[in-house]
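Structure first, commentary second.
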Amino acid sequence: MAKIGDIEVGEFPLLLAPMEDVSDPPFRALCKEQGADVVYTEFISSEGLIRDAAKSVMKLDIYEKERPVGIQIFGAVLDSMLQSVEIVEASGPDIIDINFGCPVKKVVSKGAGAGILKDIDLMVSLTEAMVKHTKLPITVKTRLGWDHDSIKIVEVAERLQDVGCKAISIHGRTRAQMYKGEADWKPIAEVKNNQRMHIPVFGNGDVDSPEKAMLMRDEYGLDGAMIGRASIGYPWFFKEVKHFFETGKHAAPPTMIERVEAARRHLQMAIDWKGETLGVFETRRHYTNYFKGIPHFKEYRMKMVTSDDSASVFEAFDEVLEKFGDFQFA
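Right, dumping it as structure tokens:
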């Protein structure tokens, strides 16, 4: 049984990765219903939190039905990170996660996210200070290193554990790779196989099939899998992995009725949470995967991803159900 601090999260937990404009409350709710064991918020700027920036504060919204839930923050300035811990604590999460892995330029240029991989001492000291500043378990999400020549993830993970980090999720790419090439899980396994390590080590990167999740568990010996892109527009991924673990067989894919119903609920929850304009805009990226594999679907997909009002998108859902209701997904 893997534990994050005192929180039992399952024998091989599946974690929903923190993804900007994806891991919001509506999507987390759908993933939780479909078997995600732990869900994380979108990453939140520590500077945005202490300035009371509306977008950052809104991301603190969490709900009882999604527990255990972690709020993820990023930054590279100690005072700001400590103040943000206090703000995050007030929202009542189960876990606080530090983002030491985001590769995007606007984050890295400030020395935050994966940018901190250039300064491991700062990475460790920030983690230690945050551990001391809260009673909540602190976890870390990071990458293998800044580039291929600076991979020291075994040492880094050990040092983070030693200052009180309660779990570590490692994406199997360097910052230099961004999302290109294949994720390398071998260094993550080296972290797990380090005899000094006793906290959970979760793997991330390219877990896009039940078989790969099983490989991460059985061949690489990791404690759990953090799922990112494979879940976008497909919250059923968590349930399908668990079914495969239990039976060795693939679950039947969701029907058209189930897909349309999930898409409808997703859009409605998004509108209820963030309003019509943002709700419509930020669910667009999910529709390709909700309806992946349907032939001659471009007309309907374009309507979903270009309409600015929800009535048109809901209408598109109805049209899809009427035209493709009997479609059998492979």
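Every letter in the sequence shown is one number past the one before it in the numbering used here, and letter 156, counting from 1, is 443. The C-beta atom is built at its ideal place from N, Cα and C for all residues, glycine as well. None of the values given here were measured: they were computed from a predicted structure.
Among H458, T593, W560, E586, which one has its Cα closest to the Cα of D308? To locate residue 308, count along the sequence shown from 1; it is residue 21. With distances taken between CA atoms, D308 lies nearest to W560 out of H458, T593, W560, E586.
In whole angstroms, give me the CA-to-CA distance for I486 and I407. Reading the sequence shown from its first residue, position 199 is the one you call residue 486. Reading the sequence shown from its first residue, position 120 is the one you call residue 407. Straight-line Cα distance between these residues: approximately 19 Å.
At what residue ranges does the segment 386-422 contain a whole run of the alpha helix (DSSP H), taking only runs of 4 or more? The segment 386-422 contains these whole alpha helix (DSSP H) runs: 392-395, 407-419.
Anyone know if the C-beta pair for R462 and L404 falls short of 8 Å? Position 175 of the sequence shown, counted from the first residue, corresponds to residue 462. Position 117 of the sequence shown, counted from the first residue, corresponds to residue 404. Against a cut-off of 8 Å, the Cβ pair of L404 and R462 comes out as a contact.
Taking the alpha carbon of T328 as the point to measure from, which residue in K529, K290, A341, N386 has its own alpha carbon closest? Counting from 1 along the sequence shown, the entry for residue 328 is found at position 41. Nearest of K529, K290, A341, N386 to T328, Cα basis: N386.
Residue interval of the alpha helix (DSSP H) (run including Q448): Here residue 448 refers to the residue found at position 161 when the sequence shown is read from its first residue. It spans 440-449 - the alpha helix (DSSP H) in which Q448 sits, taken as one unbroken run.
Under the three-state DSSP convention, the category Y327 falls into: For the purposes of this step, residue 327 is taken as residue 40 along the sequence shown, with counting starting at 1. Shown here, Y327 sits in a strand according to DSSP, grouped into three states.
Ordered along the chain, which non-local residues of its own chain (more than five positions away) have a Cβ less than 7 Å from that of N481? On the sequence shown, residue 481 is found 194 positions in, with the first residue counted as 1. Residues V441, E445 of the same chain have their beta carbon placed closer than 7 Å to that of N481, with the five preceding and five following residues left out of the count.
Looking at the strands, I want to know which residues DSSP matches up with D384. For the purposes of this step, residue 384 is taken as the residue at position 97 of the sequence shown. Bridge partners of D384: Q359, T426.
Leaving aside the five residues before and after F489 along the sequence, list all residues of the same chain whose C-beta is less than 8 Å from its C-beta, in chain order. The sequence position of residue 489 within the sequence shown is 202, counting from 1. Counting only Cβ-Cβ distances below 8 Å, and skipping sequence neighbours, we find P300, L302, A454, I455, S456, I457, L509, D510, G511, A512, M513.
Kindly indicate which residue of A517, E506, R504 has the alpha-carbon position closest to the one of S496. Taking the sequence shown and counting its residues from 1, the one referred to as residue 496 is at position 209. Among A517, E506, R504, the Cα nearest to that of S496 belongs to A517.
By the three-class DSSP mapping on this structure, what secondary structure does K346 have? Looking up residue 346 in the sequence shown gives position 59. It is coil, neither helix nor strand.
Using a Cβ-Cβ cutoff of less than 8 Å, which residues in the same chain neighbour K342 once the five nearest sequence positions on both sides are dropped? In the sequence shown, residue 342 corresponds to position 55, counting from 1. The residues are G335.
Between the segment 550-567 and the segment 528-539, do at least 3 Cβ pairs fall closer than 8 Å? Counting Cβ pairs under 8 Å, fewer than three are found: no touch.
Limits of the unbroken beta strand (DSSP E) element including S597: The sequence position of residue 597 within the sequence shown is 310, counting from 1. Premise fails: S597 lies in the alpha helix (DSSP H), 597-611, not in any beta strand (DSSP E).
In this structure, how does DSSP classify F568 when only helix, strand and coil are distinguished? Here residue 568 refers to the residue found at position 281 when the sequence shown is read from its first residue. F568 falls in the helix class under three-state DSSP.
Can you tell me whether DSSP reads L303 as helix, strand or coil? Locating residue 303 in the sequence shown gives position 16, counting from the first residue. L303 sits in a strand when the DSSP states are folded into three classes.
Using 8 Å for Cβ pairs, my map puts G451 next to I475. What's the rounded Cβ distance? What you label residue 451 is simply residue 164 of the sequence shown in a count that begins at 1. What you label residue 475 is simply residue 188 of the sequence shown in a count that begins at 1. Not quite, the Cβ-Cβ distance comes to about 21 Å (not below 8 Å), so this is no contact.
Going by the CB atoms, is the gap between P355 and V375 shorter than 8 Å? Here residue 375 refers to the residue found at position 88 when the sequence shown is read from its first residue. Here residue 355 refers to the residue found at position 68 when the sequence shown is read from its first residue. No, Cβ-Cβ distance for V375 and P355 is not below 8 Å.
Would D384 be called buried (16 or more neighbouring beta carbons within 10 Å of its own) or exposed? Position 97 of the sequence shown, counting from 1, holds the residue named residue 384. So D384 ends up on the buried side.
Is there contact here, the segment 518-525 with the segment 564-578, by at least three beta-carbon pairs under 8 Å? Output reads yes: the segment 564-578 touches the segment 518-525.
Where the beta strand (DSSP E) through K290 begins and ends: Residue mapping note: residue 290 aligns to position 3 of the sequence shown, counting from 1. Per DSSP, K290 belongs to the beta strand (DSSP E) from 289-291.
Assign H553 to one of two classes, buried (16 or more other C-beta atoms within 10 Å of its C-beta) or exposed (fewer than that). Counted from its first residue, the sequence shown places residue 553 at position 266. Residue environment analysis places H553 among the buried positions, since at least 16 neighbouring C-beta atoms fall within 10 angstroms of its C-beta.
Alpha carbon to alpha carbon, how far is E586 from K579? In the sequence shown, the residue the question calls residue 586 occupies position 299. In the sequence shown, the residue the question calls residue 579 occupies position 292. The straight-line gap from Cα to Cα measures roughly 13 Å.
Straight-line gap, D348 to G357 (C-alpha atoms, nearest Å): Within the sequence shown, residue 348 is the residue found at index 61, counting from 1. Within the sequence shown, residue 357 is the residue found at index 70, counting from 1. Distance between the alpha carbons of D348 and G357 is about 11 Å.
Buried or exposed: where does I337 fall if 16 or more other Cβ atoms within 10 Å of its Cβ makes it buried? Mapped onto the sequence shown, residue 337 falls at position 50. The residue in question, I337, is buried, as its Cβ has 16 or more Cβ neighbours within 10 Å.
Nearest-angstrom Cα distance between D381 and L423? Position 94 of the sequence shown, counted from the start, is the residue given in the question as residue 381. Position 136 of the sequence shown, counted from the start, is the residue given in the question as residue 423. Those two C-alpha atoms are separated by around 7 Å.
How long is the line joining the alpha carbons of A603 and V592, rounded to whole angstroms? If you number the sequence shown from 1, residue 603 lands on position 316. If you number the sequence shown from 1, residue 592 lands on position 305. Their Cα atoms are separated by approximately 10 Å.
Inter-residue spacing [alpha-carbon to alpha-carbon] between G402 and G432: Taking the first residue of the sequence shown as position 1, residue 402 is located at position 115. Taking the first residue of the sequence shown as position 1, residue 432 is located at position 145. Between the C-alpha atoms of G402 and G432 there is a straight-line separation of about 10 Å.
Cα-Cα, which of L365, G379, S378, A416 is closest to A399? Taking the sequence shown and counting its residues from 1, one reaches residue 399 at position 112. The shortest C-alpha separation from A399 is found at L365.
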